[in-house]
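Peer 1: One structure is given below, represented as structure tokens, and several questions about it will come after.
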Amino acid sequence: MAVIGIDLGTTNSLAAVWKDEKVCLISDALGNFIVPSVVAVDMDENILVGYAAREEGILHPERCASNFKRFMGTTKIYRLAGREFTPEELSAIVLKKIKEIAEAFLNEEITEVIISVPAYFNNDQRYATKLAAELAGLYCERMINEPSAAALAARCECRKEEQSMLVFDFGGGTLDVSIVDCFENIVEITAIAGENHLGGADIDEAVALAFCVENEIDFSALTEKEKAELLLEAKRCKEAITFQEEAEMIFFLSGQQYSMILTTEKLLTASQALFRKMKQTVSRALKDAGLRSEDITKVLLAGGSSRMPAVKLFLERLFERELTNEGRPDFFIAEGIGIYTGIKERKEELQDILMTDVCPFSLGIRTAGASDEHDKMYMMIERNNILPCRVSEYFTTARDFQEIIRIEVYQGESYDPDKNLKIGELELEVPKAKKGKEGVQVTFTYNINGLLEVSVVNNSTKKQVKVEMVSGYHQLSKEQFAARKEQLEAMQYLSGEEEEHKTILALAERLFEETVGRTRQSIGILIEYYNCAWNSKSPIRIRQAGREVLQNLLAIEMQLKQFVFEPGMFEEQFEDGEDEK
Ligand code: ADP
Ligand code: MG
């Protein structure tokens, strides 16, 4: 049984597998590799996922949820058409869809997955991801940090000479910077630094705000729907200026038209604060790895937001050299996890690859400061320690006849525990004694999935508590879990064909509305051609027509955004077993 790797992204998700001695991206029946991480509920109460959901969301934003990866591990609730969903349920729906696509693609049942997560995901976010997989009926024994996946994908670039690479993965919601040393078959991650809330969506927001300033609009006074429309327009223009000098941003408000010309220059000014944060992140990664920028032999770009010329400019300035774009940044992570599935399954041709991963943040406990006024952080595991790792320390009581020792566990880099993130606490009774006479042995065990377990033992009583650090709400009872899984399964899903049908028609109709002239005529012809095939009821004809029509529609959509059509984007070479590279 195959194990597939999934890049469960904030914006887009992809899956890959190790097959016939190479990595193979998984595509759906229509040849798409990408499943947008979007879920919607349509008018008939059907759950839609991916492109179909994205189309629904353009018309009915209130029936659609996206960007939920940003809220994994929180108690946020999404309300769609009167139904409630948690972020992990929405992720489970996306994972279910990917499972289905992969099963059709590989022609076998998929029960196990490896999922990539941002290095900066904390325990709660990792548990939420695991839970999402389980809700989708998938066993997820292993999670891999996204930068590590990128490192694996990058490995093929450096088999000969030793390289110190910096991988800059800039997606829709997160930035991960990692330093990877590669030599022959050894891939060693030496440092990771990241920002959990810095991505393309923040750039969209910065552009939207600049638009409001220029047009004297009060952003905060806009309705949710108006904000969403403005952000979408900002995103459209941001993406358009990847391939052209400028784009005109247009927005209607109360019947009045507002506009702004967006250029890379303007985007840089609008998002100065974000670029400053990026610089800090890069500097921290370099510092932790003990390197200077000139020691980096290669800078690799991953993630959709790395396509922005502004990002390339920024990195070129920072590293004082020209950068070349290699591969396709959007697929980089997925390719890496695909390779990882091969390693995990101990495929012979990959057996000699050694990969080490590191802990992305420091972990410690709150201890009393010397003055007894201010508590301080005692670091148990420092960031960038190699995984897995275990550290054990002895702590004594701070007061006479203290009965309980409480261990509060934090994640973060600050001296002041209150400035770090508290991830849990444990308590243990100790025999009453003079201050400093009794104590506990505290052990932190950090596993390869980036999950932390803390145990506390008292030597006199031999009493022990051991806790996996995760907020209470994730600890569903068996019954609760079963109920939620059942609920998800009981929802109405469209069959693969129905969903394709709906996506194609919705996309075609929207593009028909958005265009004029010859383009519009050709869309009309595509719709007719597709309807004819659909009416023929021949599955083969429907599939063939669907594939052709969708490819054409997506190409038209890209042209509308002034996208350069990427050769190979929809080619079927993967199916023929041809490798991409
Ligand atoms: P994630 O890993 O978070 O799912 P991706 O790596 O797929 O994200 O990147 C999605 C982000 O990339 C979005 O914010 C999107 O706007 C941005 N993006 C995609 N294409 C372009 C482009 N041509 N120019 C600028 N940004 C782009
Ligand atoms: Mg990503």
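If you're matching positions, the sequence shown starts at 0 in numbering that gives the first Met the number 0 and goes up one per residue. Glycine is no exception: its CB is placed at the ideal position from the N, C-alpha and C atoms. Model, not experiment: these values are computed from the prediction.
Start and end of the beta strand (DSSP E) containing F360?
Peer 2: No beta strand (DSSP E) contains F360, which DSSP labels as neither H nor E.
Peer 1: With V112 as the anchor, note down where its beta strand (DSSP E) starts and where it stops.
Peer 2: Residues E111 to V116.
Peer 1: Pull up the CB-CB distance for L510 and L552, whole angstroms please, since I reckon it's below 8 angstroms.
Peer 2: The pair is a contact, with the Cβ atoms about 6 angstroms apart (cut-off 8 angstroms).
Peer 1: Following the continuous alpha helix (DSSP H) through E133, name the residue where it begins and the one where it ends.
Peer 2: Element bounds for E133: N122 to L134.
Peer 1: Between the region 404–413 and the region 333–345, are three or more C-beta pairs nearer than 8 angstroms?
Peer 2: Taking 8 angstroms as the limit for Cβ pairs, the verdict is that the region 333–345 does not touch the region 404–413.
Peer 1: Quick one, are the C-beta atoms of I46 and I92 less than 8 angstroms apart?
Peer 2: Yes, these two residues count as a Cβ contact at 8 angstroms.
Peer 1: Report all residues from its chain with a CB closer than 8 angstroms to the CB of A544; omit the five preceding and five following residues, and keep chain order.
Peer 2: These residues qualify, in order along the chain: Y528, Y529, C531, A532 and W533.
Peer 1: So, under 8 angstroms CB-CB, V2 and I113 are touching, yes? Tell me the CB distance rounded to an integer number of Å.
Peer 2: 6 angstroms between Cβ atoms; contact.
Peer 1: Please list the terminal residues of the continuous beta strand (DSSP E) segment that includes M277.
Peer 2: That residue, M277, is in no beta strand (DSSP E); its alpha helix (DSSP H) goes Q271 to A288.
Peer 1: Between which two residues does the alpha helix (DSSP H) carrying M581 extend?
Peer 2: Residue 581 lies beyond the stretch modelled for the chain, which goes from 0 to 580, so this question has no answer here.
Peer 1: Using a 10 Å radius around the Cβ and a threshold of 16 neighbouring Cβ atoms, would you call L353 buried or exposed?
Peer 2: L353 is exposed by the Cβ-count criterion.
Peer 1: Between which two residues does the alpha helix (DSSP H) containing G56 stretch?
Peer 2: Unbroken alpha helix (DSSP H) run through G56: Y50 to L58.
Peer 1: What residue range does the beta strand (DSSP E) around A301 cover?
Peer 2: Where A301 is concerned, the enclosing beta strand (DSSP E) stretches over K297 to A301.
Peer 1: Any chance the CB of M468 is under 7 angstroms from a heavy atom of the ligand SAM?
Peer 2: The ligand SAM is not among the ligands present in this structure, which contains only the ligand ADP and the ligand MG.
Peer 1: Can you tell me which of the three DSSP states Y377 falls into?
Peer 2: In this structure, Y377 counts as strand in the three-state DSSP scheme.
Peer 1: What residues in its chain sit with their C-beta under 7 angstroms from that of D374, if we drop five residues either side in the sequence?
Peer 2: Result list for D374: R365, T366, A367, G368 and P416, in chain order.
Peer 1: Quick one: measure Cβ to Cβ for N122 and I422, integer angstroms, because I've assumed they're closer than 8 angstroms.
Peer 2: Yes, they are in contact, since the Cβ atoms of N122 and I422 sit about 6 angstroms apart, within 8 angstroms.
Peer 1: Does the Cβ of P430 have 16 or more other Cβ atoms within 10 Å, making it buried, or fewer, making it exposed?
Peer 2: That one is exposed.
Peer 1: When you compare each of E245, F443, E372 and A135 to L487 by their alpha carbons, which one comes out closest?
Peer 2: If we check each option's Cα against that of L487, A135 comes out closest.
Peer 1: Apart from the five residues on each side of it in sequence, which residues of its chain come closer than 7 angstroms, Cβ to Cβ, to L450?
Peer 2: Contacts found: N122, R125 and E467.
Peer 1: Less than 8 angstroms between the CB atoms is what I'm expecting for F167 and L299, so what's the real figure, rounded?
Peer 2: Contact flag correct, Cβ pair sits at about 7 angstroms.
Peer 1: So, is G72 buried or exposed, given that buried needs 16 or more other C-beta atoms within 10 angstroms?
Peer 2: G72 should be labelled buried.
Peer 1: Would you grab the beta carbon distance between A153 and V179 for me? Rounded to a whole angstrom, and I think it's under 8 angstroms.
Peer 2: So it is a contact: roughly 7 angstroms between Cβ atoms.
Peer 1: Quick check: the region 309–323 against the region 225–233, are there 3 or more CB pairs under 8 angstroms?
Peer 2: Contact fails: fewer than three Cβ-Cβ distances are below 8 angstroms.
Peer 1: Identify every residue that forms a DSSP beta bridge with K421.
Peer 2: DSSP, once it has assigned bridges, lists Y409 as partnering K421.
Peer 1: What residues match up with F169 in a beta bridge as DSSP calls it?
Peer 2: L174.
Peer 1: Rounding to the nearest angstrom, what Cα-Cα distance links L13 and I332 in this structure?
Peer 2: Their Cα atoms are separated by approximately 9 angstroms.
Peer 1: Check whether the Cβ atoms of I202 and K224 sit closer than 8 angstroms, and answer yes or no.
Peer 2: Their beta carbons are not under 8 angstroms apart, which means I202 does not touch K224 by this criterion.
Peer 1: Pop quiz: K465 and E452 are said to be a contact at Cβ under 8 angstroms. What is the actual Cβ separation, rounded to whole angstroms?
Peer 2: Right, the Cβ-Cβ distance comes to about 7 angstroms (below 8 angstroms), so this counts as a contact.
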